Amino acid sequence: MNKLGKPHLSIRIDLPGGGRFGPGKAALLDAIADLGSINKAASQLGMSYPRAKKLVEAMNRDFGVPLVISAQGGADGGGSYLTEAAQDIRTHYRELCKRSLAHNKELLTKFEPSKSRH
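Residues 8 to 125 (my numbering) make up the sequence shown, in order.
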């Protein structure tokens, strides 16, 4: 059972080059946008920095354009930010999830333990 206590829809998109984009990578982009740092985002999500960095590199490669830009330390301490392409992907992914849930909400209830056997 998931943390919500009932079935929920989780969308993962298989990309043309073999990569995937789903809720984990979307959450990583959201955290980077909020915190301005891959390291802080990784910490918030309970993952290691190397894992988060690897996911960012995969997203940059899989989409064919940079989604996250990182600046090295210096006077401002460095940090990371999302590109316009990443902002668009976040928006489109949220909309896809929202529409999919709205369209499948009734059918999704059929997967509740008390109803799935009928």
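In this text, a Cβ means the ideal position worked out from N, Cα and C, and glycines have one as well. Please read all numbers here as calculations on a predicted model, not as lab measurements.
Nonlocal neighbours in the same chain, by C-beta distance under 6 Å from residue i, ignoring five residues either side
| i | result |
| --- | --- |
| histidine 99 | none |
| valine 72 | Ala92 |
Cβ neighbours of residue i in the same chain (closer than 7 Å, five flanking residues each side left out)
| i | result |
| --- | --- |
| alanine 33 | Arg97, Tyr100 |
| serine 87 | Ile39, Gly43, Ser44, Ile45, Val75, Ile76, Ser77 |
| asparagine 67 | Pro73, Leu74, Val75 |
Residue i to residue j span [Cα, whole Å]
| i | j | result |
| --- | --- | --- |
| alanine 40 | tyrosine 56 | 16 Å |
| leucine 42 | alanine 49 | 10 Å |
| glutamate 64 | arginine 58 | 10 Å |
| alanine 38 | lysine 47 | 8 Å |
| leucine 62 | proline 30 | 12 Å |
| glutamate 113 | phenylalanine 28 | 25 Å |
| glycine 53 | serine 44 | 14 Å |
| aspartate 21 | glutamine 79 | 32 Å |
| proline 120 | serine 107 | 21 Å |
| glycine 25 | lysine 60 | 19 Å |
| isoleucine 18 | glutamine 51 | 22 Å |
| phenylalanine 70 | lysine 105 | 22 Å |
Local Cβ density within 10 Å of residue i, reported as buried at 16 or more and exposed below that
| i | result |
| --- | --- |
| leucine 35 | buried |
| leucine 103 | exposed |
| leucine 89 | buried |
Boundaries (first-last residue) of the beta strand (DSSP E) holding residue i
| i | result |
| --- | --- |
| isoleucine 76 | 75-78 |
Same chain only: Cβ atoms within 8 Å of residue i, ignoring 5 sequence neighbours per side
| i | result |
| --- | --- |
| asparagine 111 | Leu16 |
Helix, strand or coil at residue i [DSSP, three-state]
| i | result |
| --- | --- |
| leucine 16 | coil |
| serine 50 | helix |
| leucine 22 | coil |
| serine 107 | helix |
Boundaries (first-last residue) of the alpha helix (DSSP H) holding residue i
| i | result |
| --- | --- |
| glycine 31 | 30-42 |
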